[in-house]
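Below is one structure, written out as structure tokens, with a few remarks after it.
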Amino acid sequence: MKKKFFLAIAVVLASWSWAKAIGAPDPQDLQQLLQTNKCPECDLSEASLSGADLEEASLNDADLSQGKLFKANLANANLKGANLGLAYLSQAKLSGADLSNANLADANLFAAEAIGANLTEAKLTGAYLSRVNFTGANLTNANLTGAYLIEANLTDANLSGANLCGAVLPNGRESSQGCDSEGN
């Protein structure tokens, strides 16, 4: 009986270790998020949360890198300092969300809604931001180096101090704002 019990525990631990090795989200963290709508500092990397209703979720400093968040509702969520690098956020609702100091490098936000979102000092390098609605968003000191903003709506968005070096602007032109004298 004891052998079977220890074998079962070993299998569970090995499965969990293997899942972590290939980059799957922590199952306990995922369960915590879905049950409480709160999971600050959690490992949710590569989590499949497409269509999830995470309005007003507390996800500050969480790792959501490479997450699938297609059409997810993250309106008014706290994503301050979160890692969303390489995340798929196409058509996600981010209006009113706090994404200050968040990493969104190389993320895909095609046609996302980020009205009034706080992206102060966010890292959006190489991000695909085509058709994103940034109306009234705060992008102060955000790093948008190499971002693709074709048809993005930047009406009343605050871009003070933002680095747009090499970014493709809504009008199709490449920006030099924030580039040094060598164009970097």
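Okay, so the sequence shown: first residue is 152 according to the numbering used here, each after it adds one. Every residue gets a Cβ at the ideal spot worked out from N, C-alpha and C, and that includes glycine. Bear in mind the structure is a predicted one, so any value in this text is a computation, not a measurement.
(request) Whole angstroms is fine: what's the gap from residue 308's alpha carbon to residue 270's? (result) 10 angstroms
(request) Identify, in the order they occur along the chain, each residue of the same chain with its Cβ nearer than 7 angstroms to the Cβ of residue 200, setting aside the five sequence neighbours on each side. (result) Cβ neighbours of residue 200 beyond the five flanking positions: 218, 219, 220 and 223.
(request) Give me the Cα-Cα distance between residue 268 and residue 261, rounded to the nearest whole angstrom. (result) 16 angstroms
(request) Grab the span of the alpha helix (DSSP H) containing residue 276 for me, first residue to last. (result) It is not in any alpha helix (DSSP H) - residue 276 carries neither H nor E in the DSSP assignment.
(message) Taking the straight line between their C-alpha atoms, what separation do you get for residue 306 and residue 209?
(response) 28 angstroms
(message) Quick check on residue 214: does DSSP put it in helix, strand or coil?
(response) strand
(request) Go through its chain and collect everything with a Cβ distance to residue 282's Cβ below 7 angstroms, but skip five positions before and after it. (result) 261, 262, 302 and 303
(message) Would residue 257 and residue 236 be called neighbours here (beta carbons separated by less than 8 angstroms)?
(response) yes
(request) Using the Cα positions of residue 312 and residue 293, report the straight-line distance between them to the nearest angstrom. (result) Using only the alpha carbons, I get a separation of about 7 angstroms.
(message) If you measure between the beta carbons of residue 273 and residue 245, is that distance less than 8 angstroms?
(response) A distance of 8 angstroms or more separates the beta carbons of residue 273 and residue 245.
(request) Identify whether residue 204 lies in helix, strand or coil by the three-state DSSP scheme. (result) DSSP places residue 204 in the strand class (E or B) of the three-state scheme.
(message) According to DSSP, simplified to helix, strand and coil, what is residue 180?
(response) helix
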